């Protein structure tokens, strides 16, 4: 571990300038003020019980529900149940602190699933963390056990391009999105209009109060960093520790978001090409992997490659160049040679090898019902004004293809800006710059310099929105750092337990 130095002069100067230029000075006599949550209709506590065996969760977990308003602006109106799990600290723990909320990101990721993975050893030996906290996995509203958004998946599965090049293709995309959103509204009800991140942050505050009204401990991964930052903006006085890992910035413009995310995806892909062509753990060792990727895109553009394991019910039976571009990103998440499950470099290497042999199943677009909550949340959180005409779409597509020839604009940001065209639920939480002043509580910000999803500029940008922070950069690949098990994991764990953040400006290497 080292301080940022001249070995990374450009990044160092950029970060240093942000660290040295604080927001408007805080008046030390100013009272900390948090948003007042209407709690008169809420239960005072949560009853946790053993989880239903049909859920297949580890026996150590406890399950609970908590009823909240669909619309926090009308707390007396319709209500629904949030679902959550708790991994309790040992009853005889001498280092117990309280609850720790963990969110895996997405949006649409199930916090209950992440806590189940942690209980199963996903973080390795973290006994100190488990002894200190009851680890809480609260599925955000509309996700998993919290009244998951339901949609007509036959509409979702329609093969309509996110890269329209003609007015007819643009109109077809708009029509599909509109029909899909209407089906979600019909099957889900009014909650579809209220799954924005502000509402989710208020849900976390309600749960915090019900769990004993202690200052919150929160660890947000990826989109979870947006959720955490939004919580801090609303409830700055109610924080003990708040960690943001793989940071998303909810204030950049539409074009900027496309370029920022594409820069991370493209950089990570070039690192993957080098690894896959030279590492002995890669099935593509000795292959020009960069050239193979370009060849696969060209071939799939002419004639989509068969996906032998798919039958157009759970996944698409052919894989187009567009499918390759969008689906490769998720397999750059973990720079591991393990090919046993999606999300790793090893899996992507085997996927490309198999595609070159005529079976692209591993990169086929899937139709799981868990795909739609993230879309519903994103359509309430992000605008898409630059995509309201075909001309705007084509201009963005052209620029991104010129700057990022390997990824060509495919990204989660592109999906949001084009899958939300025609969406019937209006934006509730448009992008805006935050001014987060948590008083004496320090927010821990963790980024990596080659993240394929939450690129470094978003993290640096958030330095302008958070007053009291410690900024840590991991030098390396992969999306987020918490579950990597290296020194960055140790830094995060130490911060959460002690409440003391390391000096801002540190670089870690694992």
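Numbering (mature numbering (1 follows the signal peptide of the UniProt record, and there is no 0)), first residue to last: -20 to -1, 1 to 490.
From the three backbone atoms N, C-alpha and C, an ideal C-beta is built for every residue, glycine too.
Please read all numbers here as calculations on a predicted model, not as lab measurements.
Worksheet item: Taking C-alpha atoms, which residue in 145, 160, 114, 410 lies nearest to residue 176?
Response: Distance from the Cα of residue 176 is smallest, within the candidate group 145, 160, 114, 410, for 410.
Fill in: Reference residue 491, options 145, 19, 191, 131, closest by Cα
Here the chain covers residues -20 to 490 and nothing more, so residue 491 does not appear.
Practice prompt. Name the two residues that bound the continuous beta strand (DSSP E) containing residue 76.
Written response: Note, residue 76: premise wrong, no beta strand (DSSP E); not H, not E.
Practice prompt. Identify whether residue 93 lies in helix, strand or coil by the three-state DSSP scheme.
Written response: If DSSP states are grouped into helix, strand and coil, residue 93 belongs with the helices.
Practice prompt. Could you tell me the boundaries of the alpha helix (DSSP H) in which residue 475 lies?
Written response: Segment 467 to 478, the alpha helix (DSSP H) holding residue 475.
Worksheet entry | Cβ distance (whole Å) where residue 340 is taken to contact residue 287 below 8 Å | That belief holds up - the Cβ atoms of residue 340 and residue 287 are roughly 5 Å apart, short of 8 Å.
Worksheet item: Counting pairs of Cβ atoms below 8 Å between the segment 186 to 200 and the segment 164 to 178, do you hit three or more?
Response: The answer is no - the segment 164 to 178 does not touch the segment 186 to 200, with fewer than three Cβ pairs under 8 Å.
Discussion item. Determine whether the beta carbon atoms of residue 79 and residue 207 lie at a separation below 9 Å.
Written reply: Not in contact: residue 79 and residue 207 (Cβ atoms no closer than 9 Å).
Practice prompt. Let me know the beta strand (DSSP E) ranges lying completely inside the segment 166 to 195, each 3 residues or longer, listed in chain order.
Written response: Note on the segment 166 to 195: there is no whole beta strand (DSSP E) run with a minimum of 3 residues.
Discussion item. Does the CB of residue 274 have a neighbour CB from chain C at under 9 Å?
Written reply: Checking the listed chains, one finds no chain C in this structure; it contains a single protein chain.
Discussion item. I need the DSSP call for residue 392, collapsed to helix, strand or coil.
Written reply: Residue state, collapsed to three classes: helix.
Practice prompt. Could you please give me the residues that DSSP links to residue 295 through a beta bridge?
Written response: Paired residue(s): 346.
Worksheet entry | Chain-order list of residues whose beta-carbon lies under 6 Å from that of residue 31 (same chain, five-residue window excluded) | Hits under 6 Å: 37, 41, 43.
Item to complete: Provide the residue(s) that pair with residue 286 in DSSP beta bridges, ordered along the chain.
Response: According to the DSSP secondary-structure assignment, residue 286 is paired through a beta bridge with 298.
Practice prompt. Return helix, strand or coil for residue 131, following the three-state DSSP convention.
Written response: Residue 131: coil per DSSP, three-state reduction.
Discussion item. Going by DSSP in three states, residue 427 sits in which element: helix, strand or coil?
Written reply: Here residue 427 sits in strand by DSSP.
Practice prompt. Compute the Euclidean distance between the alpha carbons of residue 98 and residue 152, then round it to the nearest angstrom.
Written response: Between residue 98 and residue 152, the C-alpha separation is close to 42 Å.
Worksheet entry | CA-to-CA distance, residue 140 to residue 159, given in whole angstroms | Cα to Cα, the separation comes out at about 13 Å.
Worksheet item: Using a threshold of 8 Å, is the CB atom of residue 252 nearer than that to any non-hydrogen atom of the ligand NAD?
Response: With respect to small molecules bound, the structure shown includes none, and the ligand NAD cannot be examined in it.
Item to complete: Would you grab the beta carbon distance between residue 352 and residue 136 for me? Rounded to a whole angstrom, and I think it's under 8 Å.
Response: Their Cβ separation, rounded to whole angstroms, is 6 Å, which keeps residue 352 and residue 136 in contact under 8 Å.
Worksheet item: With a Cβ-Cβ cutoff of 9 Å, do residue 491 and residue 71 count as a contact?
Response: Because the chain here runs from -20 to 490, residue 491 falls outside it and cannot be looked at.
Practice prompt. Measure how close the beta-carbons of residue 291 and residue 204 come, nearest whole angstrom, since I'm counting them as under 8 Å.
Written response: The pair is not a contact, with the Cβ atoms about 34 Å apart (cut-off 8 Å).
Discussion item. Which of the three DSSP states is assigned to residue 225 in this structure?
Written reply: Taken through DSSP and simplified to helix, strand or coil, residue 225 comes out as strand.
Item to complete: Alpha carbon to alpha carbon, how far is residue 17 from residue 249? Give it in angstroms, no decimals.
Response: Cα-Cα distance, rounded: 44 Å.
Worksheet item: Taking the DSSP output, what are the residues bridged to residue 447?
Response: Partner(s): none; residue 447 has no beta bridge.
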